[in-house]
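Asks:
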């Protein structure tokens, strides 16, 4: 079966209300591993993620997968910074993507139970998702995206506002899924997390890709003073 990657952005631009939020950006992502996107607040990290996934309509340029758009759409997933949960039980939340695909109920239930156990919610199947803690809701949203076994997973600050234990659990889950073949593209403000997870990295600044490269060179031998300053914790505008 043909793969979804590479994803190619060609002179991609996003404008809203007359303001350019991103671009032009040209980028090709293929291969394996975890791509980490970093940058100051307002630099375009989320806009880039949304443009790649198709949530953000391009004002110019193109975003092309190796497969037709209708097929690409069902072979990728996106998890928002603020986890979105349905007003249903944990079991129903996890089963929902499979229900949409017409998966037999018995198969969908079994998969949902397995994922609930995997994320530590095996005893909360009948709990309303809204009653979960922030870390539990984020793990639920992540598992609901992964239950369809997407080829590509986009994540926007998945550990924002979570404690160390929840962050560690989410990172472990991401590493397991990446090892199983899911390509992950993720924005984060946590430089420790970026260094722990990245196979390669992108530095966004003022809506443009300012620097990118393999993680070892990106974090250890940065070329531009702006990225060096950002990694040192300085304010970069």
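Residue numbers (this note's numbering): 2 to 238. Backbone N, C-alpha and C define an ideal beta-carbon position, used for all residues, glycine too. All values derive from a computational prediction rather than experimental measurement.
Taking 7 Å as the cut-off, is the CB of residue 9 close to at least one heavy atom of the ligand MG?
Replies: Looking for the ligand MG in the displayed structure turns up nothing, as the structure carries no ligands at all.
Asks: Applying the 10 Å Cβ sphere with the 16-neighbour rule, what's the burial state of residue 238?
Replies: Exposed, by the Cβ-count rule.
Asks: Tell me the start and end of each unbroken alpha helix (DSSP H) in the stretch 78 to 115 that is at least 4 residues and wholly inside, in chain order.
Replies: Listed in chain order, they are 91 to 101.
Asks: What is the DSSP secondary structure of residue 52, reduced to helix, strand or coil?
Replies: It is helical.
Asks: Under three-state DSSP, which class holds residue 229?
Replies: Residue 229 falls in the helix class under three-state DSSP.
Asks: Around the C-beta of residue 151, are 16 or more other C-beta atoms found within 10 angstroms, so that it is buried, or is it exposed?
Replies: Residue 151 comes out buried.
Asks: By DSSP, does residue 168 sit in helix, in strand, or in coil?
Replies: If DSSP states are grouped into helix, strand and coil, residue 168 belongs with the helices.
Asks: Starting from residue 19, follow the beta strand (DSSP E) in both directions and report where the run begins and ends.
Replies: It is not in any beta strand (DSSP E) - residue 19 carries neither H nor E in the DSSP assignment.
Asks: Within its chain, find whatever has a CB closer than 7 Å to the CB of residue 135; leave out the 5 residues flanking it on each side and keep chain order.
Replies: Result list for residue 135: 162 and 163, in chain order.
Asks: Please classify residue 45 as buried or exposed, where buried requires at least 16 other C-beta atoms within 10 Å of its C-beta.
Replies: Buried, since its Cβ has 16 or more Cβ neighbours within 10 Å.
Asks: Which runs of the alpha helix (DSSP H), 4 residues or longer, sit entirely within the stretch 129 to 169?
Replies: Segments of the alpha helix (DSSP H) lying fully in the stretch 129 to 169: 135 to 147.
Asks: Contact between the stretch 122 to 129 and the stretch 91 to 102 is defined here as three or more beta-carbon pairs at a separation below 8 Å; is this criterion met?
Replies: Enough Cβ pairs lie closer than 8 Å, so yes.
Asks: Buried or exposed for residue 236, please, with buried defined as at least 16 other CB atoms from any protein chain shown within 10 angstroms of its CB.
Replies: With fewer than 16 Cβ atoms within 10 Å of its Cβ, residue 236 is classed as exposed.
Asks: Using only the alpha-carbon positions, how far apart do residue 24 and residue 63 sit?
Replies: Between residue 24 and residue 63, the C-alpha separation is close to 11 Å.
Asks: Hey, residue 84 and residue 138: beta-carbon distance below 8 Å or not?
Replies: Yes.
Asks: Run through the DSSP bridge pairs and tell me what residue 220 is partnered with.
Replies: Paired residue(s): none; residue 220 is not in a bridge.
Asks: Can you tell me whether residue 59 is helix, strand or coil according to DSSP?
Replies: The answer is coil: DSSP assigns residue 59 none of H, G, I, E or B.
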